[in-house]
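Enquirer: In our numbering, the protein residues as written are 743 to 921. Even for Gly, the Cβ is constructed at its ideal location relative to N, Cα and C. All figures in this text were calculated on a predicted structure; none of them were measured in a lab.
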Amino acid sequence: MRPLSGTSFVILLLFFAGFFSHVLYQRWNPPTPETQLSMPGNQSWPAPASREPQSYRVSFAPLPLPSAAEETNVETPLVVAREVEKIRALTGKQARIRGRVFRVGHSAKSNTYFLNFGPSREALTAVIFSSAVELFEKNKQAPKNFENKDVEIIGAIKDHPQYGLEIVVENPKQIKIIN
Numbered sequence: 743m744r745p746l747s748g749t750s751f752v753i754l755l756l757f758f759a760g761f762f763s764h765v766l767y768q769r770w771n772p773p774t775p776e777t778q779l780s781m782p783g784n785q786s787w788p789a790p791a792s793r794e795p796q797s798y799r800v801s802f803a804p805l806p807l808p809s810a811a812e813e814t815n816v817e818t819p820l821v822v823a824r825e826v827e828k829i830r831a832l833t834g835k836q837a838r839i840r841g842r843v844f845r846v847g848h849s850a851k852s853n854t855y856f857l858n859f860g861p862s863r864e865a866l867t868a869v870i871f872s873s874a875v876e877l878f879e880k881n882k883q884a885p886k887n888f889e890n891k892d893v894e895i896i897g898a899i900k901d902h903p904q905y906g907l908e909i910v911v912e913n914p915k916q917i918k919i920i921n
């Protein structure tokens, strides 16, 4: 018989160390009695719960829409759309913006509407993404109809690095035409 090389000896030593630690783990952490399965030789093995893969039920509940009382909350500041610096100071917060829609732009590629409150990029823009356009159509409010109208919008102010100040309109209840 030939002698073991150094590498073979290390591998054999690691195998026995792993086996020994497994035996000690099984001895110190026995399975719970209600899930044991008796085997010959007085060994205990955990019984399988079922043959099917275990799955968990997941439910999704969307957040409730703000009520009419919350929409006209006194704490939500009212700012005129032309006051860009006041709007910029409210970045990340809820605000009510009132002003005349200068132009309504539409991206056919993404079916997104842009309600611009001024001719330049400095002005505030209200964005209606395609997911919300369906809600506007169900309410019989075409986003194009807001052009040259005085409106009041409620929502969170964002200062986008590329597009400037914007407010995302996700629901028709966030915008109303003022007479």
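Determine the direct distance from the alpha carbon of Ile-839 to that of Asn-921, and round the result to whole angstroms.
Expert: 15 Å
Enquirer: Would you mind stating whether Ala-865 and Phe-844 have Cβ atoms separated by less than 9 Å?
Expert: Contact: yes.
Enquirer: Considering Cα atoms alone, identify which of Lys-900, Gly-834 and Lys-886 is closest to Ser-849.
Expert: It is Lys-886.
Enquirer: Would you tell me roughly how many angstroms separate the C-alpha atoms of Gln-883 and Pro-914, rounded to the nearest one?
Expert: 8 Å
Enquirer: So Glu-908 is in the alpha helix (DSSP H); what residue range does that whole segment cover?
Expert: Unbroken run through Glu-908 is the beta strand (DSSP E), 906-910; no alpha helix (DSSP H).
Enquirer: Return the CA-CA distance between Thr-818 and Thr-833, expressed in angstroms with no decimal places.
Expert: 13 Å
Enquirer: Return the residue from the list Gly-860, Gln-836 and Gly-841 that minimises the CA-CA distance to Gly-847.
Expert: Gly-860
Enquirer: For Leu-820, which residues of its own chain have a beta-carbon under 7 Å away from its beta-carbon, when the five flanking residues on both sides are left out?
Expert: Arg-838 and Arg-840
Enquirer: Pick helix, strand or coil for Arg-744, following the three-state DSSP scheme.
Expert: Here Arg-744 sits in coil by DSSP.
Enquirer: On a CA-only basis, which of Leu-746, Tyr-855, Ser-750 and Thr-867 is nearest Phe-878? Give me that one, please.
Expert: Tyr-855
Enquirer: Give the C-beta separation of Val-875 and Asn-853 to the nearest angstrom, bearing in mind that I take them to be a contact with Cβ-Cβ under 8 Å.
Expert: 6 Å
Enquirer: Residue range of the beta strand (DSSP E) that Arg-863 falls in?
Expert: Taken as a continuous stretch (DSSP letters only), Arg-863 belongs to no beta strand (DSSP E), as it is neither H nor E.
Enquirer: Starting from Leu-877, follow the alpha helix (DSSP H) in both directions and report where the run begins and ends.
Expert: 872-880
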